[in-house]
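First up is the structure itself, then whatever we jot down about it.
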Amino acid sequence: MQHFISPVLWQFLVKWLTHFAIFPPEASSIAPYADALYFFLIFISVIGLGAVAILVTWFSIRYRQSRNPVATQIEGSTILEATWTIIPLILFMITFVWGALLYFRIYSPPPNAMNIYVVGKQWMWKIEHPGGQHEINALHIPINQPIQLTLISQDVFHSFSVPAFRVKREAIPGRYTTVWFEATRPGVYHLFCTQYCGTLHSQMIGWVYAMKPDDYQAWAAGSTSGHSLAQNGERLFASLGCNSCHNSTPNAHGPNLASVYGSHVQLANGQYTTVDDAFLRDTILNPTLHEVAGYAPIMPTYQGQVSEDGLIDLVEYIKRLNSNYRIDQTIDNSAGQPVQTGATPAGTSAPPLAPGAVKP
Amino acid sequence: MSTIVSLPDQSTARLPKVSYLNKEYGLKSWLLTGDHKRIAVLYMISITFFFFIGGAMAALIRLQLLTPYGDLLAADTYNKVFTAHGLIMVFFFLVPSVPATIGNFCIPIMVGAKDLAFPKINLLSWYLYVAAGIMMICVLTFGGVDTGWTFTTPLSTHYLNTNVVTAGLAVFVAGFSSIFTGLNFIVTIHRMRAPGMTWFRLPLFVWSHYAASILMVLGTPVLAITLTLVVLERTIGIGVFDPTRGGDPLLFQHLFWFYSHPAVYIMILPGMGVISEVISTFSRKRVFGYTAVAFSSVAIAVFGFFVWAHHMFIMGISNYSALVFSLLTMLVAVPSAIKIFNWAATLYKGSITFETPMLYAFGFLGLFTIGGLTGVFLGSLGMDIHLTETYFIVAHFHFVMVGGMLMAYLSGVHFWWPKITGRMYPEGVSRLAAVITFVGFILTFFPQFVLGYLGMPRRYAAYPPEFQVLNVFSSAGASVLGIGYLLPLLYLTWSLKYGKIAGPNPWQATGLEWQIQSPPLTENFDKTPIVTHEAYDYDWLANKTRNEVTTVG
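Residue numbers (the numbering used here), protein chains in the order written: chain P, 451 to 810; chain S, 770 to 1322.
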């Protein structure tokens, strides 16, 4: 057969027949919801386009000049115009509500989600698991477990997209954003940067490995660097000299950081705010941004002294101060399981430490 | 209320002895002209030039994407090519396309005036366009620019070493040419209407240009400010958009889209005006629901200013502001739907013929409907998360901008070609071109919707191989589309010398521009017209024609 047509064309046809997808895999708990809305939208589009096409075709045939040489002048019709104002309006409002519900579902992580940090930089994704696994352009996750990603970029805008999960979130310089998903089918899925980020934008791609929980445990145990993010953060905390002020002694210059994460603090201007990841990051880099009531604004800025990875370590360390993370660590080490955080947060010794649990 | 209109016998038509084209000769008489019709022709030549440069860039993009591994261009070259394609097509073709050419030519005649309110500012507008165009050509010749047409910070301010400043200034200058055009239209429509030409006797073409002009005058300064800030940030580091200096990179996107979303209405509204004229003329029937169509243009212009953040749903704007912007986006879709159905209803009980402008207008109806409805997909918050920044976006805005606006532009060019040049284009080949354009367009951009839902990101110089088949379809369609655009260039040029003489009103249309000779006199009218009829009053036209015959007889 391929002797009769050009080899290039033959290759193309074979490829078409074997690799022709018009629909991405549905691999997350959110995907069926997104697809349902997609089909609804396609349905109303077909109805709308069909209505226009039928009207135009019918009128063109029925009222063509050879058949209808005399045009009848018509002013308009308020009832008809109201009809084709109100029907689209209703359909668009349904779409609006449906889309809004889906949006809030995708961007409101459940409290038991396991948090993973993602740092985008030209042109790679750095993935940091709290248990000390570091990956580049790859993300290993267990299925049937809500995963929350905390994203930040250390240079330009990037966007973290996993089409099979129907989720996407911008990684913004200087600001944490979050997204969550729950993979439902084990497999390997594309991970793209979808925001144009410079020369090698198209190479900022990777794979998401959705694994059965057992496989994930094995991977996590075999891939850890041996130091959890919190441990790195503790070292950084000491080497930057943070504990000269934040040392929980009665006459310390800075607030005690134990159990500060998730608490409501009063600011110098009288407002209250919740301490979250973004608050901690902002305060390290730009201490005067949120001046906490009762403390003199004497903290120096650490802008330019700590990398985004270092900031994540510090944030993770301060989060863990809520519980006695050393005890967790000891338990884990004695069990020969260097990774504990996240995989089964409910099973750890201190229940309230589930990351993200106290986020507003 | 019925009308019989037969096309006039064109065999007896003669070119008028004196017209705006031959009143004065020589390059100087063109370059220093204040005549809105000559400036329109100057604009038409310049935007055609830029259209084909932008088109060549598109051809390179589609060739590159024929294979998954980016075999034709290096990644940075590809980025420069799609940036050039976007910048040229948006700022040097689409924004000035209908307003600066057909609008410039027709609006003073349609309202019964001798020229625009400020002829010299009109000429200045063209010179600014040319200056900006030369700057853009310099950018392309001396290394290009690879920010994407959106100039996103901090990429554009801190991370690229290409000609960002020159490109930004070129768009800045081009923006002023657009402001001047809009200003001229607003003043002309307000102050220079002929006696009897009330607001509700204006052709819908004028209404849609009025709405677009408001957007140009109010929106473009914001773009100018934004680009100035980008240039200042890049040159002296003022830090407005730089998070390490306390700036906010998202602020740039708010400012940029505050102009650039209304800009899509700047581009599409004049096209909608063309469609109203063309559909009415070729169905010999007044536009169904004139007032609704007129006010829907104004509604689009007003709502168009309050939807900009729908470009940023995934960028960490607050969930509640996302809600508001999604709701407003749904509302702005309604006036467009009204227009589509009103145009369809205009055909009802008409007496329809299928000349080339009408075929392009039908193409517009189909493609713009798809473009508009897929806009609803993207305005729907949860769906936008999956679809934004993929080829779905690319397909959506090409359906609106190319399928909608370019179809409308070509429809308008063919429709007013007899008026502008005094000669007809060849009907057979131009119908063929309209059909080729439609088929080529669908083949090029429809596969991109599928690619988008599959998740293929936009602005990729190379892509995973499983997306190749659909990309091959798209590139194949692009070559068909290219033929569809080259044909008019050839036969319209040919018709300048060899086209049949058109006569004053070859379409038996009702607008004031059709009641004067083709090509018109420099001062448009012998004496100021007194308007006693509504727009699209075919009975008035029939009576007028009958009376003329009586007088001559």
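Think of the CB as a built atom: it goes at the ideal place given N, C-alpha and C, for glycine as much as any other residue.
Extent of the continuous beta strand (DSSP E) to which residue i belongs
| i | result |
| --- | --- |
| Glu620 of chain P | Val617 to Ala621 |
| Pro592 of chain P | Ala588 to Pro592 |
| Phe1094 of chain S | Note, Phe1094 of chain S: premise wrong, no beta strand (DSSP E); alpha helix (DSSP H) at Asn1088 to Thr1115. |
| Val612 of chain P | His608 to Val612 |
Inter-residue CB distance, residue i and residue j (contact presumed, cutoff 8 Å)
| i | j | result |
| --- | --- | --- |
| Val617 of chain P | Val658 of chain P | The pair is not a contact, with the Cβ atoms about 11 Å apart (cut-off 8 Å). |
| Phe1168 of chain S | Asn1111 of chain S | Not a contact, Cβ separation roughly 20 Å. |
| Leu1150 of chain S | Gly549 of chain P | 4 Å |
| Phe642 of chain P | Gly1224 of chain S | 7 Å |
| Gly712 of chain P | Thr724 of chain P | 7 Å |
| Met1193 of chain S | Pro1126 of chain S | About 12 Å separates the two Cβ atoms, so there is no contact after all. |
| Gly637 of chain P | Ala501 of chain P | Actually they are not in contact, since the Cβ atoms of Gly637 of chain P and Ala501 of chain P sit about 40 Å apart, beyond 8 Å. |
| Arg960 of chain S | Ala886 of chain S | 6 Å |
| Phe1010 of chain S | Leu1020 of chain S | 6 Å |
Backbone secondary structure at residue i - three-state DSSP
| i | result |
| --- | --- |
| Thr1319 of chain S | Only weak support is given to the placement of Thr1319 of chain S: the predicted model assigns it a pLDDT of 49, under 50, and the value that follows is read from those uncertain coordinates. Thr1319 of chain S: helix per DSSP, three-state reduction. |
| Pro1226 of chain S | strand |
| Ala936 of chain S | helix |
| Lys576 of chain P | strand |
| Ala633 of chain P | strand |
| Asn930 of chain S | coil |
| Asn736 of chain P | coil |
| Ala656 of chain P | Reading off the sequence, residue 656 of chain P comes out as Gly, not Ala. In the structure shown, Gly656 of chain P sits in a strand (DSSP, three-state: E or B). |
| Ile762 of chain P | helix |
| Glu525 of chain P | coil |
| Leu599 of chain P | strand |
| Val1009 of chain S | coil |
| Asn1293 of chain S | strand |
| Ile768 of chain P | helix |
| Ile1121 of chain S | strand |
| Ser495 of chain P | helix |
| Ser709 of chain P | coil |
| Ser947 of chain S | helix |
| Phe470 of chain P | coil |
| Pro990 of chain S | helix |
| Gln755 of chain P | coil |
Residues that residue i bridges to, as DSSP identifies them
| i | result |
| --- | --- |
| Tyr716 of chain P | The sequence given here places Gln at residue 716 of chain P; Tyr does not occur at that position. Answer is P:Tyr722, bridged to Gln716 of chain P. |
| Cys643 of chain P | P:Phe610 |
| Val742 of chain P | P:Leu717 |
| Ser982 of chain S | None, per the DSSP bridge assignment. |
| Val638 of chain P | P:Tyr659 |
| Gln584 of chain P | Reading off the sequence, residue 584 of chain P comes out as His, not Gln. DSSP output for His584 of chain P lists P:Glu578 as bridge partner(s). |
| Thr852 of chain S | Paired residue(s): none; Thr852 of chain S is not in a bridge. |
| Arg625 of chain P | P:Ile622 |
| Arg514 of chain P | S:Ile1121 |
| Thr1159 of chain S | S:Pro1226 |
| Ser478 of chain P | P:Ala633 |
Nearest residue (CA-CA) to residue i, options the options
| i | options | result |
| --- | --- | --- |
| Thr528 of chain P | S:Ile1107, S:Trp1276 and S:Phe1242 | S:Ile1107 |
| Gln1277 of chain S | S:Gly1015, S:Asn891, S:Lys1054 and S:Pro1226 | S:Lys1054 |
| Lys792 of chain S | S:Pro1288, S:Gly1172, S:Ala943 and S:Phe818 | S:Pro1288 |
| Thr921 of chain S | S:Leu992, S:Phe874 and S:Tyr896 | S:Leu992 |
| Gly760 of chain P | P:Lys576, P:Val638 and P:Gln716 | P:Lys576 |
| Gly1221 of chain S | S:Val1163, S:Gly1008, S:Leu796 and S:Val1093 | S:Val1163 |
| Phe818 of chain S | S:Ser866, S:Phe954 and S:Leu832 | S:Ser866 |
| Leu971 of chain S | S:Leu1310, S:Ala1304, S:Asp1308 and S:Thr1314 | S:Ala1304 |
| Ala1247 of chain S | S:Pro1257, S:Phe1218, S:Ile1205 and S:Leu1097 | S:Ile1205 |
| Met732 of chain S | S:Val1043, S:Thr1122 and S:Pro1187 | Here chain S comprises residues numbered 770 to 1322, so residue 732 of chain S is not present and cannot be evaluated. |
| Trp669 of chain P | P:Gln721, P:Leu690, P:Ser558 and P:His579 | P:His579 |
| Val914 of chain S | P:Gly648, P:Phe546, P:Ile544 and P:Thr634 | P:Gly648 |
| Tyr1034 of chain S | S:Ile1005, S:Gly1119 and S:Thr989 | S:Thr989 |
Extent of the continuous alpha helix (DSSP H) to which residue i belongs
| i | result |
| --- | --- |
| Trp1186 of chain S | Met1176 to Thr1190 |
| Val569 of chain P | Val569 of chain P -> not in any alpha helix (DSSP H); beta strand (DSSP E) instead, spanning Met564 to Lys571. |
| Ile1270 of chain S | That residue, Ile1270 of chain S, is in no alpha helix (DSSP H); it is neither H nor E in DSSP. |
| Lys786 of chain S | From DSSP, Lys786 of chain S is part of no alpha helix (DSSP H); its letter is neither H nor E. |
| Gly1151 of chain S | Leu1150 to Leu1156 |
| Pro888 of chain S | Pro888 to Thr910 |
| Ala1032 of chain S | Pro1018 to Ser1052 |
| Ile1299 of chain S | Premise fails: Ile1299 of chain S is in no alpha helix (DSSP H) and is neither H nor E. |
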